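Let me begin by presenting the structure, written as structure tokens, before commenting on it.
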Amino acid sequence: MKASYLTQEGIRAFIRQALQEDVADGDHSSLASIPESATNQAKLLVKDRGVLAGVELAWKIFHEVDPTLRLEVFLQDGAQINHGDIAFTVHGKARSILTAERLVLNCMQRMSGIATYTQSLMKLIEGTGAKLLDTRKTTPNFRMMEKWAVMIGGGTNHRFGLYDMIMLKDNHVDYAGGIKQAIEATHRYLEKLGRTLRIEVETRNLDEVRQALETGGIDRIMLDNFEVPLLREAVELIDGRYETEASGGIKEETIRAVAETGVNYISVGALTHSNRSLDLSLKAFK
């Protein structure tokens, strides 16, 4: 695992909470219809095209439900998949396979959709030097998996939450009284706490970019909803003094032009909030 948020404890806590939501006091459908001693097997069948994500998580879900379940993995996270592929097979107690089935599929379908869309956008900016970022526009309690899927698809994670980076967005700036006031207040706050956090400030026009440059003491300038010509002008104005991030309204049709302005990062909320899940199913077989 590469990201600091992907801890064994965090993943296990997510799985346990998700199983509690789904199973509660018992998978009564399986308990009622399947003998306790029955063993069987199932295959993860791909019914779509894209990038596979969630295999490692699936193993952890099956293991949490029943440590005696065995997986035979044929395709790893990040693999290119096509209709008819078999990602893995699972063997063991039939009841356990059925209890884990829906959580495994819900996670893998969503994660694979995110990884697939991430990879498609990465291909559009290939060779420009710009990095594709996700955002905090995620599903509550599923952010860890969505950001994990972005990484599997080749993207880069932005901050994980409100706690691991300071981002002074438009409302922060307006409430603080301006760019300069927001940045200076942030430095006083960090000094008081004895903390070191990276600081990014959102700008909405070239005047705010100039204010950010004049104030200094930041790590990155976000250029929010800038048209491409204005974006290019802003990047030239910043001239490498701080990292730059383009954000807001970026679509497949425009992302290449945005990347070619020379920005360091492009953040796209749609990676996690507006994509299609891939069609996967878990099928019993003999």
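Position 109 of the sequence shown, counted from 1, bears residue number 114 in this note's numbering, the numbering being contiguous throughout. Ideal Cβ placement from N, Cα and C applies to all residues, glycine included. Values in this document were obtained by computation on a predicted structure and should not be read as measured data.
Distance, residue j Cα to residue i Cα
i, j, result
"Leu108", "Ala23", "7 Å"
"Ala275", "Leu236", "20 Å"
"Arg200", "Ser286", "47 Å"
"Met6", "Asn269", "Its pLDDT being 49, under 50, Met6 is placed unreliably in this model, and the value from its coordinates should be taken loosely. Distance between the alpha carbons of Met6 and Asn269: 25 Å."
"Ala154", "Ala58", "6 Å"
"Asp244", "Asn146", "39 Å"
"His163", "Glu106", "31 Å"
"Val273", "Glu41", "48 Å"
"Tyr180", "Ala8", "33 Å"
"Ser125", "Phe165", "22 Å"
"Val95", "Arg141", "34 Å"
Residue i - partner residues in DSSP beta bridges
i, result
"Tyr194", "Answer by DSSP bridge pairing: none, since Tyr194 is not bridged."
"Asp229", "Ser252"
"Ser272", "Leu138 and Ser252"
"Leu50", "Ile91 and Ser286"
Buried or exposed by the 16-neighbour rule on C-beta atoms within 10 Å, applied to residue i
i, result
"Thr123", "buried"
"Glu205", "buried"
"Tyr247", "buried"
"Ala37", "exposed"
"Phe19", "buried"
"Ser279", "exposed"
"Arg54", "exposed"
"Ser34", "exposed"
Supposed close pair residue i, residue j - CB separation, criterion 8 Å
i, j, result
"Thr249", "Leu228", "6 Å"
"Ala289", "Asn45", "6 Å"
"Gly222", "His192", "6 Å"
"Glu151", "Thr143", "5 Å"
"Thr220", "Lys185", "5 Å"
Closest residue to residue i among the options (Cα-Cα distance)
i, options, result
"Ala251", "Val233, Asp244, Glu257 and Leu242", "Val233"
"Gly254", "Ile271, Glu238 and Ser117", "Ile271"
"Gln114", "Lys174, Asp71 and Leu49", "Leu49"
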